[in-house]
Each structure stands twice: as C-alpha cells, then as structure tokens.
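Data block below; observations after.
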Amino acid sequence: MLGKYSTFPPTDPGFEDPPRLSNYDAIVIGGGGGGYHGAFELSKGGYRVLLIDDKGNLGGNCLYEGCIPSKSVSIAIYLMEKLRNILNSVGNTDINKVKILWENVIDHKDNVQYMRYLQHIREIREHENVDFVKGVARVVDNHRVVVEAIDGSWRREVEGKYLLVATGSTAIRIPVPGAELAIGSEELFGYKTKYRKVPDNVVVIGGGYIGVEVASALSSLGVKVTIVEMLPRILSGWDQDIVSQIEERLRSKGVEILTNSKVVGIKEEAGQKVVEYERKDGSKGSVAGSEVIMAVGRKPYVEGLDALGIVDKGHVEVDSSMRTKVPNVYAAGDVIGKYMLYHSAVKESVIAAWNIMHGKPIYEINFNAIPMTIFTEPEAAMVGLSEDAAKARGINYVTVQYPLADDSYAQIIGVRDGWVKLVIEKESQRIIGGVVYGEAASMIINEIALAVAVNARVKDLALLPHAHPTIFESIDRAAIRFSL
2 MLGKYSTFPP TDPGFEDPPR LSNYDAIVIG GGGGGYHGAF ELSKGGYRVL LIDDKGNLGG
62 NCLYEGCIPS KSVSIAIYLM EKLRNILNSV GNTDINKVKI LWENVIDHKD NVQYMRYLQH
122 IREIREHENV DFVKGVARVV DNHRVVVEAI DGSWRREVEG KYLLVATGST AIRIPVPGAE
182 LAIGSEELFG YKTKYRKVPD NVVVIGGGYI GVEVASALSS LGVKVTIVEM LPRILSGWDQ
242 DIVSQIEERL RSKGVEILTN SKVVGIKEEA GQKVVEYERK DGSKGSVAGS EVIMAVGRKP
302 YVEGLDALGI VDKGHVEVDS SMRTKVPNVY AAGDVIGKYM LYHSAVKESV IAAWNIMHGK
362 PIYEINFNAI PMTIFTEPEA AMVGLSEDAA KARGINYVTV QYPLADDSYA QIIGVRDGWV
422 KLVIEKESQR IIGGVVYGEA ASMIINEIAL AVAVNARVKD LALLPHAHPT IFESIDRAAI
482 RFSL
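Set out below in structure tokens:
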C-alpha cells in the first residue's frame, strides 16, 4: 500500500511540504527509475516539474528492496567466496575459519542504501526546476492530480500540461491458503529491515531470476534451499545453455529444484513452514523450511489510473515513444509491463521526457537492445535474440563462442568456467544477440547490447582493441572466431 513502509528512507524536511505551485509544465508520478530521470531531463529543458513519491526519496523499489540491496548482499558474499577459493588453491586454508554472516551483509546493504539516499537528496536539490514532494498522488484526469501528505496533514490539487506516469510495480502474492506466512523482498532486503538472521533452511517459491538469485546467495552461506517452480524449468525465457549451467551450479551447492510443481498452500507444522504443491500428473507433495520466500514476480501498479483510460490487461499501454493513447500522458517503468528492469525504466523515462519537450513523438526505445542479467554465482546475462528466438523468426544465423577459461583476466582471478556467445545473422554478419555466463557477465553484456543497438557487424567487435588483461577481451576473442 502506498505510503506504508516499516522504515522510511531518509528525506529532506522540505520534501514533506505541499506543492509550491498550482500549475506545472509536467507532473511526474513516481520517483523510481521510470520517474526521476525523466523529471531531471525536463528540468534541464526548462520545464517546471512536480515529482511525487510516497517514500520521500528517489530510487523506487529498486533501491528500497530490489536491485541495489539484493546485489549488495550477493556481491559481498561472492567477493568473500572468490578470495576463499583463490587462497585455498595455493594451500592457504586459514581463510576457511572466517565466516561471512547474514547480519554482516545486511549491514553492508543498509550502508549502501543510506549512501545512495543521501546522494539522491543532493541530486534533487541540484535540479532547481523540480519540486519534489513526499506524498500520495491520485489522478483526477489527464491534467489534474490530487496530492496528499502521508500523514494526511495536507491535500492539494495541482494541474500539469503533461503527465508522466511511473507508478512502478508491486510484488505478486499467489492466492493460496497461508500465503501470509511467506516473506518477500521487503523483509529480506528492505531498508533497515528487521529481518537480520538467516534461517537454517528455506523454501523459495518461484524459479525466476529473483528466486534463483536468492537461492544462489543463501546457499553460498550454507543455507539449505529448495526452489518450487510451477513451470517445466526455472528461468523461463532464458537461453537453455545458461539455464543448464545455473541449474548445475545450484545443485552443486545443495539447492533442490522442483519443477512442474504448483504451490497450493502454506501451513505451519512442528515449528516449520510447509509448502504444499501439486504436480501436473495430479500427484501431491510438500517441502518444509524454517522460512518461505515468495519470489513469483511483480505486477504493474495501476491503481487509480482508470480515470485516464490508459490501462489495458493490467498495465499501462504505450507506444515505442512511451506515449499513451491520451496525447499528453506518457508512462515509463514497470507500470507499462514490458521489461520490468530498472535500466529499462531509466531509458523509457528519458525518452518520454525528450518527446514531451519536442511536443511530439520523435525518439523511440529499442527494446531488443535491453540487457538482462542474473546475479547468481557466477553471473549470467543475455541481450537481443537468443538462438531459440532466431530460429522462431526463421533467421539464418550462426554462433561463435569463447570459453572464459582461456581468458587471461579470468585466469588471474581463478575463473575456470563460463563463456561468451554471440548470435550473428549470417548474411549481414550483424550481431543480433549475445549470451554470457561467468565472471562479470553483467558487465560484458553491455558492450554486446551496444553492438545490437547500432547494428554492428561481427568484424567491428573482432577489430576493437580491448585493454589487456581485462575480461572484456573475451568479446573480441569470441568475435574473431567467426568465419563464413
């Protein structure tokens, strides 16, 4: 529910005041990636902007309970494990006496969140044309919005020439008996969370990237993890080579993966939480844990937007310019229900702002060039067309692949597995997709995304010098393997 958080982020007292004006050039609803980047662009263009968010700070769910805190946790665990493996490989086992505790990594992620919240306060102040208000917005029509203080102490109606809707998304809770017994991302990663002790064993409901990342991090701390997924495999939609590698790594860390298993209920029994599931053949089963984590995805937050007539099938419908069917109303971020990723939201927001300032749609987003990442150990990432997608479209393609075990930087840091794969349209020799599994996949994929975005040919990557020794050399080493 809007304005209801166990702990609010730090804010500026001035942000709790009502809007200073009654009329704005643009009203932006939501301070996450889909909102504030566009607001800042509009401000730079001389627009007077009202930016409204119920947390009283920027970053949305990504900073409060999502990307930033979860990666702060997983990367801290990963760095410790990496150092442990390097020292063990040369016979130094003293580091095995050092254990990384859940409360340590939670303290670390709190520090990162606090640092970024202070940074955002500074950034708001730097954009003088932006009036930032901590409050709840209610849309009246395509020009009017009612803003109310979190504590109800004031209420104002304001008008805007343009609206940018960036209300984000909310976590999905499957409607089964006992669903309230499960915890989610807010309990695990929320700012200043009270949940600071890691359980002995957990059941993760959902085998998407969020559930898989949680399973990877917790299993690295010795927690027994079971993933329950209703689909035939985890990570639906991902390259099968990546899925196979991640499954193998998870199982090597003791993670049990139950697929084709639909959760039908959760109950408490003998001090444990029991997840009951049903398979496609009608057989039933159950698995118990000291905690149950629900990670079945998110859905666009569209409450109160019906007045605009822009909601279709649970999300706000936009074209590639981020404009809705109401000409002065744009939308960006999770609320449009496309790539529910922070970096996608940011670019959607910027494109919306640029089109608003031009007075008509000029810029469009290239959804095909948006990279997707999984912060498991090791990481995985993909962009553009997978092999399956290329086949489905009837594209004549080839792939080239380079093993990270042969990369000098990977060898320096003790990496022995992983690969970079490029998907290439054979006739044009253009890069149409890429898949990376292994060290720094979340970084490597960005160069491949650029290649996809600018229609680069494979020789462009093959001839691009990369600093030595860096992991990015793996890209040109993969590209140079191409031959007709």
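Using my numbering, the first residue of the sequence shown is number 2, and each one after it goes up by one. The C-beta atom is built at its ideal place from N, Cα and C for all residues, glycine as well.
Within a Cβ cutoff of 7 Å, which residues of the same chain sit near residue i, ignoring the five residues on either side of it in sequence?
i	result
residue 343	34, 63, 68
residue 473	445, 448, 467
residue 171	299, 300, 302
residue 234	244, 260
residue 340	368, 371
residue 46	358
residue 13	122
residue 279	263, 265, 285
Counting only the same chain and skipping the five closest in sequence on each side, list residues whose C-beta sits under 8 Å from that of residue i.
i	result
residue 175	206, 264, 295, 297
residue 318	311, 312, 325, 326, 337
residue 277	264, 265, 266, 267, 268, 285, 286, 287
residue 329	143, 144, 162, 163, 164
residue 90	415
residue 44	50, 128, 129, 130, 131
residue 457	431, 432, 451
If I measure Cβ to Cβ from residue i and keep anything under 6 Å in the same chain, skipping five residues before and after, which residues do I get?
i	result
residue 137	3, 4, 55, 149
residue 254	220
residue 151	4
residue 400	422, 424
residue 41	128
residue 443	374, 380, 382
residue 331	165, 323, 324, 353
residue 403	421, 475, 478, 479
residue 48	26, 27
residue 178	266
residue 58	10, 12, 118, 121
Which residues share a DSSP beta bridge with residue i?
i	result
residue 133	52
residue 1	Nothing can be reported for residue 1, as the shown portion of the chain is limited to 2 through 485.
residue 333	DSSP output for residue 333 lists no bridge partner at all.
residue 430	Paired residue(s): none; residue 430 is not in a bridge.
residue 171	300
residue 27	50, 163
residue 438	381, 420
residue 262	280
residue 287	277
residue 270	273
residue 425	399, 432
residue 157	148
residue 250	In DSSP, residue 250 forms no bridge with anything.
residue 293	204
Is it buried or exposed for residue i, if we count other Cβ within 10 angstroms and need 16 for buried?
i	result
residue 354	buried
residue 38	buried
residue 102	exposed
residue 26	buried
residue 98	exposed
residue 116	exposed
residue 348	buried
residue 8	exposed
residue 94	exposed
residue 464	exposed
residue 271	exposed
residue 363	exposed
residue 214	buried
residue 397	exposed
residue 455	exposed
residue 290	buried
residue 72	buried
residue 22	exposed
residue 36	buried
residue 361	exposed
residue 469	exposed
residue 292	buried
Taking the runs of the alpha helix (DSSP H) that are 4 residues or longer, which of them lie wholly in the region 60-100? Whole alpha helix (DSSP H) segments, 4+ residues: 61-65, 68-90.
Quick check: the region 382-399 against the region 232-245, are at least 3 beta-carbon pairs closer than 8 Å? They touch, by the three-pair rule.
Cβ contact check for the region 366-382 and the region 69-81: 3 or more pairs under 8 Å: yes
Contact between the region 461-481 and the region 406-425 is defined here as three or more beta-carbon pairs at a separation below 8 Å; is this criterion met? yes
Within the region 295-322, ranges of the beta strand (DSSP E) (whole runs, at least 3 residues): Here the runs fully enclosed are 299-301.
Cβ contact (3+ pairs, closer than 8 Å) linking the region 149-169 and the region 3-22: yes
Let me know the alpha helix (DSSP H) ranges lying completely inside the region 342-415, each 4 residues or longer, listed in chain order. 343-359, 388-393, 409-413
Quick check: the region 224-231 against the region 129-148, are at least 3 beta-carbon pairs closer than 8 Å? No, the region 129-148 is not in contact with the region 224-231.
Per the contact definition of three or more C-beta pairs closer than 8 Å, is the region 107-115 in contact with the region 429-440? no
Ignoring anything shorter than 4 residues or poking outside the region 171-233, list the alpha helix (DSSP H) runs there in chain order. 186-190, 210-221
My parser needs the alpha helix (DSSP H) runs of 4 or more residues fully inside the region 102-155; what are they? 103-127
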